[in-house]
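Asks: Chains as they are written, first to last, in my numbering: chain A, 7 to 443; chain B, 153 to 433. Take this structure first; my questions come after.
Here's what the structure looks like:
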């Protein structure tokens with residue numbers, strides 16, 4: 007009995023000691039500060055210290071490669087990239103910003119989230135206004151990175167949107183892509199597609215997401231908010247965009263894909279003839295639907311009547327620097343390098359599908375390629391053209407909340423056949439009551 | 153209450169009905185696990201296929217390769233096991249000590265202390281997240297195993313469960329040992345604890361599982377990949393645009409297996425321990 011007791015205690019003690027030995031020191035605890043070399047004016051400043059980067063997925067991989075390239079110029083900066091996953095980055099960022107400790111030096115944030123983080127934590131991020139040459143980036147990305155007149159994020163990948171369509175199904179139905187000039191033409195073509203091929207024209211998860219509504223709104227140079235942050239959801243543009251969504255649904259040309267996986271599987275099994283989506287959808291197609299190689303092409307988003315442009319944005323992310331960083335100069339320098347170094351940006355694009363928003367990259371031969379999957383179409387060049395035309399749009403810190411209400415409104419006008427103007431008026435009133443603007 | 157209930161007591165049509173119901177319930181609860189196991193051997197496009205594949209595929213190695221590229225799986229399993237086991241052993245010791253004191257000793261303010269302990273059950277863990285995060289950073293425990301194990305060591309549920317079980321332990325036995333000259337620790341370790349095996353088993357499984365599946369706190373406090381526990385590492389597998397379900401399912405399978413093994417070993421204690429202490433003899 008005594009023996010047993012001693013063993014248990016011994017085991018517990020061993021565990022305790024082992025634990026003390028195993029805990030590795032956090033990177034953020036490093037007390038090193040950048041040693042400025044003031045004597046070498048005009049030359050590259052000597053940078054050192056450690057940087058921690060939080061990111062996800064391909065963005066993390068691309069930043070890892072950026073770090074390698076960066077180290078060729080600044081070998082003394084040690085960069086650790088942590089691939090956390092999107093939601094995890096946001097959870098950790100929120101806790102860290104509230105507590106004002108334990109933050110990374112560099113973090114990737116999706117486009118529509120920049121305003122919500124910067125709005126809730128106005129002092130939480132480094133002002134990058136002086137570090138960014140705005141003319142070199144897509145206007146839409148610059149507007150995305152602005153909060154209270156300051157640039158709080160460095161623009162990274164863009165999501166220029168277009169309509170992906172099945173060339174074989176279009177041919178079967180006798181539809182010519184170049185005849186589809188407006189969304190009305192698109193809906194008419196959808197009816198033909200229904201009759202002749204029996205395939206739905208377009209995926210629309212009416213009660214789950216409002217991406218298409220957002221894109222059409224963006225085409226009209228409008229969005230949920232204006233530049234001052236006022237809600238603009240019952241404008242003419244909003245009513246027109248929502249009416250198009252309603253008409254699509256009423257004409258029976260939509261397929262309810264419910265979510266992302268539903269979209270992928272509907273695409274795989276050939277249930278839909280087009281997917282209005284961003285440039286990154288091309289990567290998904292090539293990776294997950296290899297069987298349909300050669301049967302896809304892209305065309306411009308149809309016009310809204312004779313208004314607006316044939317370009318919109320959907321998705322994309324940016325890079326922010328928390329103000330709590332111990333190594334601000336190195337962090338700014340690294341981000342600037344990663345976002346504007348041609349090789350780094352081109353690698354991120356060709357290898358990881360992150361479509362740059364840094365305009366000078368569009369002249370690179372990588373954009374001039376014919377893409378076999380799309381029957382030899384030069385889709386990258388195509389998307390670069392689209393990207394430059396995207397109208398600016400503005401998010402606010404309340405975007406996530408407003409977005410979910412927009413989805414509810416969309417569900418009402420489609421599933422319940424509510425009147426568009428009345429629904430949007432009610433939505434506008436609802437939100438202005440809630441937010442005060 | 154009928155004692156020594158045996159399956160043989162029910163015969164004929166009733167038995168068949170019982171079995172049909174049991175099989176249905178077992179099917180409903182086991183089918184998701186089956187799908188998870190099967191999916192871990194399929195590629196993502198096979199998983200998303202309609203109709204779904206329900207037989208094992210040949211992508212297991214491929215999925216494992218992808219998984220090992222994304223996370224250091226052996227290190228992550230070690231982290232999870234180490235944290236969960238250390239935590240479980242320490243909580244068993246502390247909870248039963250506290251439970252014993254509250255059940256068998258008389259001292260001033262006993263019921264108040266017990267009340268305070270129980271009331272902590274009502275504080276949602278989200279509330280303590282940020283203060284705890286600041287505290288851990290001040291102590292310098294950020295990104296250590298300690299930060300996960302230590303704050304949860306004295307948990308109210310465990311103390312409550314052990315107290316309830318200890319209360320039903322015959323006081324006469326303790327007094328007899330005391331008269332025979334056994335020390336207080338001797339009584340606790342040699343007389344009381346050996347009789348608490350069912351309760352300890354139940355609490356052990358419960359604590360192990362809660363720590364094994366703990367997500368939010370480890371996510372917040374752990375900073376580097378080599379310190380991740382399984383749930384945090386699994387969450388990082390989900391891509392933004394492309395989700396490799398085969399790989400994710402394999403990861404989930406790997407994280408489920410230890411729980412299944414432990415539950416199978418201790419299930420008798422688990423069930424009897426949870427209801428133990430509810431009946432006083």
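All C-beta atoms, glycine included, are put in the ideal place defined by N, C-alpha and C. Predicted model only: the values in this text are computed from it and were never measured.
Rank B:344, B:291, B:388, B:323 by C-alpha distance to the C-alpha of residue 314 (chain B) and give the top, closest one.
Replies: Your numbering for residue 314 (chain B) matches position 162 in the second chain. It is B:344.
Asks: Pull up the distance between the alpha-carbon of residue 322 (chain A) and that of residue 266 (chain B), whole angstroms please.
Replies: Here residue 322 (chain A) corresponds to residue number 316 of the first chain, with the count starting at 1. Here residue 266 (chain B) corresponds to residue number 114 of the second chain, with the count starting at 1. Distance between the alpha carbons of residue 322 (chain A) and residue 266 (chain B) is about 53 Å.
Asks: Say whether chain E places a C-beta atom closer than 7 Å to the C-beta of residue 387 (chain B).
Replies: Structure shown: chain E not included; protein chains present are A and B.
Asks: Please name the residue or residues paired with residue 283 (chain A) in a DSSP beta bridge.
Replies: For the purposes of this step, residue 283 (chain A) is identified with residue 277 of the first chain, where counting begins at 1. DSSP, once it has assigned bridges, lists A:168 as partnering residue 283 (chain A).
Asks: My output table needs one value for residue 249 (chain B): the three-state DSSP class, helix, strand or coil.
Replies: The residue labelled residue 249 (chain B) in the question sits at position 97 within the second chain. Note: residue 249 (chain B) maps to helix in three-state DSSP.
Asks: So, for residue 367 (chain A): in the same chain, excluding its five sequence neighbours on each side, which residues have a beta-carbon less than 8 Å away from its beta-carbon?
Replies: As a working mapping, residue 367 (chain A) is identified with position 361 in the first chain. 348, 351, 352, 355, 373.
Asks: For residue 150 (chain A), which option in A:118, A:427, A:253, A:130 has the closest C-alpha, if you only look at C-alpha atoms?
Replies: Along the first chain, one-based indexing puts residue 150 (chain A) at 144. Taking only the C-alpha atoms, the option nearest residue 150 (chain A) is A:118.
Asks: Return the Cβ separation of residue 302 (chain A) and residue 214 (chain A) in integer angstroms, given the expectation that the two are a contact with Cβ distance under 8 Å.
Replies: Taking the first residue of the first chain as 1, we reach residue 302 (chain A) at position 296. Taking the first residue of the first chain as 1, we reach residue 214 (chain A) at position 208. With a Cβ gap of about 24 Å, residue 302 (chain A) and residue 214 (chain A) do not count as contacting.
Asks: Going by beta carbon distance, what residues of the same chain come within less than 7 Å of residue 102 (chain A), once the five residues before and after it are set aside?
Replies: Here residue 102 (chain A) refers to the residue found at position 96 of the first chain. Excluding positions up to five away in sequence, the list reads 108, 109.
Asks: Roughly how far, in whole angstroms, is the beta-carbon of residue 326 (chain A) from the beta-carbon of residue 162 (chain A), given that I think they are within contact range, below 8 Å?
Replies: Numbered from 1 along the first chain, position 320 holds the residue referred to as residue 326 (chain A). Numbered from 1 along the first chain, position 156 holds the residue referred to as residue 162 (chain A). Going by Cβ atoms, the distance from residue 326 (chain A) to residue 162 (chain A) rounds to 10 Å, so no, they are not a contact pair.
Asks: Would a check of beta-carbon distances place residue 153 (chain B) closer than 7 Å to chain A?
Replies: Counting from 1 along the second chain, the entry for residue 153 (chain B) is found at position 1. Bear in mind that the predicted position of residue 153 (chain B) carries a pLDDT of just 46, short of 50, making it too unreliable to give a figure here.
Asks: Check the C-beta distance from residue 442 (chain B) over to residue 194 (chain B) and give it rounded, since I have them as a contact under 8 Å.
Replies: One cannot answer for residue 442 (chain B) here, as it falls past the ends of chain B, which runs 153 to 433.
Asks: Out of B:373, B:218, B:412, B:184, which one is the CA nearest neighbour of residue 302 (chain B)?
Replies: Counting from 1 along the second chain, the entry for residue 302 (chain B) is found at position 150. Nearest C-alpha to residue 302 (chain B): B:373.
Asks: Going along chain A in order, which residues have a C-beta closer than 7 Å to the C-beta of residue 219 (chain B)?
Replies: By one-based count along the second chain, residue 219 (chain B) stands at place 67. By Cβ distance, chain A contributes nothing, its closest Cβ being about 13 Å from residue 219 (chain B), past 7 Å.
Asks: Measuring only between beta-carbons, confirm whether residue 211 (chain B) sits less than 7 Å from chain A.
Replies: The residue given as residue 211 (chain B) occupies position 59 in the second chain. Residue 211 (chain B) does not count as touching chain A.
Asks: Whose C-beta lies closer than 8 Å to the C-beta of residue 214 (chain B) among residues of the same chain, with five residues either side of it excluded?
Replies: Mapped onto the second chain, residue 214 (chain B) falls at position 62. Cβ within range, chain order: 195, 398.
Asks: Using a Cβ-Cβ cut-off of 8 Å (strictly less than) and excluding sequence neighbours within five positions of residue 347 (chain B), which residues of its own chain qualify?
Replies: By one-based count along the second chain, residue 347 (chain B) stands at place 195. The residues are 321.
Asks: Would you mind telling me which residues of chain B sit closer than 8 Å to residue 98 (chain A), beta carbon to beta carbon, in chain order?
Replies: Taking the first residue of the first chain as 1, we reach residue 98 (chain A) at position 92. In chain order: 371, 372.
Asks: Counting only runs of 4+ residues fully inside the region 182–261 of chain A, write out the alpha helix (DSSP H) ranges in chain order.
Replies: Whole alpha helix (DSSP H) segments, 4+ residues: 189–202, 217–225, 242–256.
Asks: Secondary structure at residue 261 (chain B), three-state DSSP: helix, strand or coil?
Replies: Here residue 261 (chain B) refers to the residue found at position 109 when the second chain is read from its first residue. Coil at residue 261 (chain B), not helix or strand.
Asks: Is there a Cβ from chain B that is less than 7 Å from the Cβ of residue 89 (chain A)?
Replies: Working through the first chain from its first residue, we reach residue 89 (chain A) at position 83. Yes - at least one Cβ of chain B is within 7 Å of the one on residue 89 (chain A).
Asks: From A:57, A:217, A:95, A:104, pick the residue whose C-alpha is nearest to that of residue 81 (chain A); which is it?
Replies: Reading the first chain from its first residue, position 75 is the one you call residue 81 (chain A). Comparing Cα positions, the closest option is A:57.
Asks: Go through its chain and collect everything with a Cβ distance to residue 248 (chain A)'s Cβ below 8 Å, but skip five positions before and after it.
Replies: As a working mapping, residue 248 (chain A) is identified with position 242 in the first chain. Here the set comprises 219, 415, 416, 419, 426, 429, 430.
Asks: Between the C-alpha atoms of residue 278 (chain B) and residue 167 (chain B), what's the straight-line distance to the nearest angstrom?
Replies: Position 126 of the second chain, counted from the start, is the residue given in the question as residue 278 (chain B). Position 15 of the second chain, counted from the start, is the residue given in the question as residue 167 (chain B). Roughly 48 Å between the two C-alpha positions.
Asks: Listing by chain order, which chain B residues have their CB less than 7 Å from the CB of residue 104 (chain A)?
Replies: Within the first chain, residue 104 (chain A) is the residue found at index 98, counting from 1. Chain B residues near residue 104 (chain A): 282.
Asks: Determine the chain A residues that contact residue 377 (chain B) at a beta-carbon separation under 7 Å, and present them in chain order.
Replies: As a first step, residue 377 (chain B) must be located in the second chain, where it is residue number 225. Those are 88, listed as they occur along chain A.
Asks: Among A:205, A:324, A:272, whose alpha-carbon lies nearest the alpha-carbon of residue 211 (chain A)?
Replies: Position 205 of the first chain, counted from the start, is the residue given in the question as residue 211 (chain A). Nearest C-alpha to residue 211 (chain A): A:272.
Asks: What's the gap between the Cα of residue 77 (chain A) and the Cα of residue 432 (chain A)?
Replies: Here residue 77 (chain A) corresponds to residue number 71 of the first chain, with the count starting at 1. Here residue 432 (chain A) corresponds to residue number 426 of the first chain, with the count starting at 1. Near 55 Å, if we compare the C-alpha coordinates of residue 432 (chain A) and residue 77 (chain A).
Asks: Just mark residue 272 (chain B) as buried or exposed, buried being the case when its beta carbon has 16 or more other beta carbons within 10 Å.
Replies: The residue you call residue 272 (chain B) lines up with position 120 of the second chain. The residue in question, residue 272 (chain B), is exposed, as its Cβ has fewer than 16 Cβ neighbours within 10 Å.
Asks: Starting from residue 335 (chain A), follow its DSSP beta bridges and name the residues at the other end.
Replies: The count along the first chain starts at 1 and reaches residue 335 (chain A) at position 329. In the DSSP output, where bridge partners are listed per residue, residue 335 (chain A) has none listed.
Asks: Contact between the region 283–293 of chain A and the region 128–148 of chain A: three or more CB pairs below 8 Å?
Replies: The region 283–293 of chain A vs the region 128–148 of chain A: no contact.
Asks: If the criterion is Cβ atoms closer than 7 Å, does the pair residue 138 (chain A) and residue 206 (chain A) meet it?
Replies: Within the first chain, the letter at position 132 stands for residue 138 (chain A). Within the first chain, the letter at position 200 stands for residue 206 (chain A). In this structure, residue 206 (chain A) does not lie closer than 7 Å to residue 138 (chain A) by Cβ.
Asks: Taking the Cβ atom as the reference point for each residue, do residue 189 (chain A) and residue 371 (chain A) lie within a distance shorter than 7 Å?
Replies: Within the first chain, the letter at position 183 stands for residue 189 (chain A). Within the first chain, the letter at position 365 stands for residue 371 (chain A). In this structure, residue 371 (chain A) does not lie closer than 7 Å to residue 189 (chain A) by Cβ.
Asks: Taking a contact to mean a Cβ-Cβ separation below 7 Å, would you say residue 282 (chain B) touches residue 169 (chain A) in this structure?
Replies: Mapped onto the second chain, residue 282 (chain B) falls at position 130. Mapped onto the first chain, residue 169 (chain A) falls at position 163. In this structure, residue 169 (chain A) does not lie closer than 7 Å to residue 282 (chain B) by Cβ.
Asks: Determine the closest residue to residue 316 (chain B) out of B:254, B:287, B:180, with distance taken between C-alpha atoms.
Replies: Within the second chain, residue 316 (chain B) is the residue found at index 164, counting from 1. Here the closest residue by C-alpha is B:254.
Asks: With a cut-off of 7 Å, does the C-beta of residue 325 (chain A) fall near any C-beta of chain B?
Replies: Along the first chain, read from residue 1 onward, the residue named residue 325 (chain A) stands at position 319. No, residue 325 (chain A) lies away from the interface with chain B (no Cβ there is under 7 Å from its Cβ).
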